[in-house]
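Undergrad:
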Amino acid sequence: MSHNTIKSAQNKTREVTLLSRFIIFFISFFCFVIGLFSPTSHANTETTSFYQNFDKLSFKNQKNQPFSVSQLDHKVVLFNFIYTQCASVCSIQTKTLAEIYNSLPSSVKSKVSFVSVSLDPLNDTPSKLKMYAKKNHADINNWSFITGKPNDVVTLSDRLKLYGVDQKKRDLAVRPNDHTTHIWLIDAKGQVMMRYMGDPMDKTRIAREIAQLTEY
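For the sequence shown, my numbering assigns the number 29 to the initial residue and increments by one for each residue that follows.
Printed below as a string of structure tokens:
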């Protein structure tokens, strides 16, 4: 075999190697991007405390006791939105969250609060919320099902971008069923750390990340 033939073969081998490395890099980068924008969860980048300027909001829980969002400070909190007349996803999601809560160790439960906000405050009284909670196996001792004035509920849902930018969907008295199924995880400093898709729900992952946040 001539020197030129050997050199040509070496060049082709080098080109194939470089091409293979490029393909591997491209695939890795593509997978990274897909994971970054995965629809199952979304990491938050805001630094403002979720509880800031919420002192004036007024709610009542399922025990008909006053409830303030600021009471959640220094706790890891899982937020979602429901209404008692919801015929489908709300009950399923609440039961799944109950399974997540029950799977947590006692040492974690003491540092965690679950909060379900009614999007039908004109109809969802504390007694109705209590019945709903029991029906869906929620531990009402460390899980608040809250209702309040429609404007206060809107303020709370707006902070979590429940309806995005569609202002027409914020008339709670008319369209409580237009909300998303998202779930929000907030750390003990009041930072919104994660927004999960509520359907389907990765129970193992959510339980793990709740526990991780209680360590800080």
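All C-beta atoms, glycine included, are put in the ideal place defined by N, C-alpha and C.
#1: For L241, which residues in the same chain have their Cβ closer than 6 angstroms to its Cβ, ignoring the five residues on either side in sequence?
#2: Three-state secondary structure (DSSP) at I168?
#3: Which runs of the beta strand (DSSP E) fall wholly inside the region 140-168 and span at least 3 residues, in chain order?
#4: Using three-state DSSP, classify K88 as helix, strand or coil.
#5: Which one of K177, N81, A235 has the shortest CA to CA distance from K88?
#6: Rank Y79, V136, L125, F95 by C-alpha distance to the C-alpha of D101 and give the top, closest one.
#7: Only counting the same chain, and skipping five residues up and downstream in sequence, which positions put a Cβ closer than 7 angstroms to that of E243?
#8: For a test of the three-state rule: what should DSSP assign to L213, helix, strand or coil?
#9: By Cβ distance below 7 angstroms, which residues in the same chain neighbour H165 in space, the five residues on each side in sequence not counted?
#10: Can you name, in chain order, every residue of its own chain whose Cβ lies under 6 angstroms from the Cβ of P154, other than the five neighbours on each side?
#11: For A161, is the classification buried or exposed, using 16 other Cβ atoms within 10 angstroms of its Cβ as the cut-off for buried?
#12: If you drop the 5 nearest sequence neighbours on each side, which residues of the same chain put their C-beta closer than 8 angstroms to that of S141?
#13: Under 8 angstroms Cβ to Cβ from V117, same chain only, skipping five residues before and after it: list those, please.
#14: Pull up the distance between the alpha-carbon of I211 and that of S134, whole angstroms please.
#15: Can you tell me whether Y224 is helix, strand or coil according to DSSP?
#16: Would you kindly work out how many angstroms separate the C-alpha atoms of V145 and M221, rounded to a whole number?
#17: Between which two residues does the beta strand (DSSP E) holding V262 run?
#18: Under a three-way DSSP split, which group does Q99 fall into?
#19: Return the residue from the list R187, T112, L132, S138 that minimises the CA-CA distance to D152.
#20: Check the DSSP bridge columns for G176 and list the partner residues they point to.
TA: So, from the data block:
#1: The answer, listed in chain order, is V104, D215.
#2: I168: coil per DSSP, three-state reduction.
#3: 140-146
#4: K88 falls in the strand class under three-state DSSP.
#5: K177
#6: Y79
#7: none
#8: strand
#9: Counting only Cβ-Cβ distances below 7 angstroms, and skipping sequence neighbours, we find K123, A126.
#10: Excluding residues up to 5 positions away in sequence, K88, Q90, N92 lie with their Cβ nearer than 6 angstroms to the Cβ of P154 in the same chain.
#11: By the 10 Å Cβ count, A161 comes out buried.
#12: L100, K103, V104, V105, L106, N170, W171, S172
#13: Taken in chain order, the residues that qualify are T209, G226, D227.
#14: For I211 and S134, the distance between alpha carbons rounds to 22 angstroms.
#15: strand
#16: 19 angstroms
#17: Since the first residue shown for the chain is 29 and the last is 244, residue 262 is missing from the structure and cannot be characterised.
#18: helix
#19: T112
#20: F87
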